[in-house]
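Colleague: This structure is in structure tokens; I'll ask about it shortly.
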Amino acid sequence: MYAVKEKQACINGVLFKTFERKTTGLRIEAGTTGFKGGKERRRGGRAYVSLESLGGDFCFLPVINEKKKVVGFEIAASGDDGVEAVRKALNFACDAIHDQCLMVND
5 MYAVKEKQAC
15 INGVLFKTFE
25 RKTTGLRIEA
35 GTTGFKGGKE
45 RRRGGRAYVS
55 LESLGGDFCF
65 LPVINEKKKV
75 VGFEIAASGD
85 DGVEAVRKAL
95 NFACDAIHDQ
105 CLMVND
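According to the numbering used here, the stretch in the sequence shown is residues 5 to 110, in order.
Right, dumping it as structure tokens:
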């Protein structure tokens with residue numbers, strides 16, 4: 005089993021619970037407010053995912069559009085350990101957000 009810490013994130017003035025764990029070479033934190041019944045910034049839910057390299061062969065780069073605006077990010081990892089760390093981190097983020105959405109909607 006792995007240790008999971010409860011933390012908090014704040015997006016656009018909305019504070020909510022997140023969950024953090026470490027995999028081989030990565031720290032992942034993820035959480036959400038769940039669905040809030042709005043499609044815009046003022047009314048809708050919030051989601052947060054943070055991925056941090058703790059060493060190892062990882063590369064994180066912004067995706068920039070033709071207007072020089074950051075519109076995404078790229079993750080690159082080398083070696084089988086890197087592939088496994090990214091897989092575990094993204095699965096954890098998906099699980100954390102999924103579970104929080106279910107808690108809010110039940």
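Cβ atoms here follow ideal geometry from the backbone N, Cα and C, with glycine treated the same way.
Give the single residue among A80, C14, T37 whose Cα lies nearest to the Cα of F62.
Modeller: The option with the nearest alpha carbon to F62 is A80.
Colleague: What does a CB cutoff of less than 7 Å around K92 pick up in its chain, not counting 5 residues either side in sequence?
Modeller: T27, listed in sequence order.
Colleague: Determine whether the beta carbon atoms of S57 and G76 lie at a separation below 8 Å.
Modeller: Going by C-beta atoms, S57 is not nearer than 8 Å to G76.
Colleague: Which one or two residues does DSSP pair with R25 in a beta bridge?
Modeller: Beta-bridge pairing links R25 to I32.
Colleague: How about V8 and E24: do their beta carbons lie closer than 8 Å?
Modeller: Cβ atoms of V8 and E24: closer than 8 Å.
Colleague: Are T36 and C105 close, meaning C-beta to C-beta below 8 Å?
Modeller: Yes.
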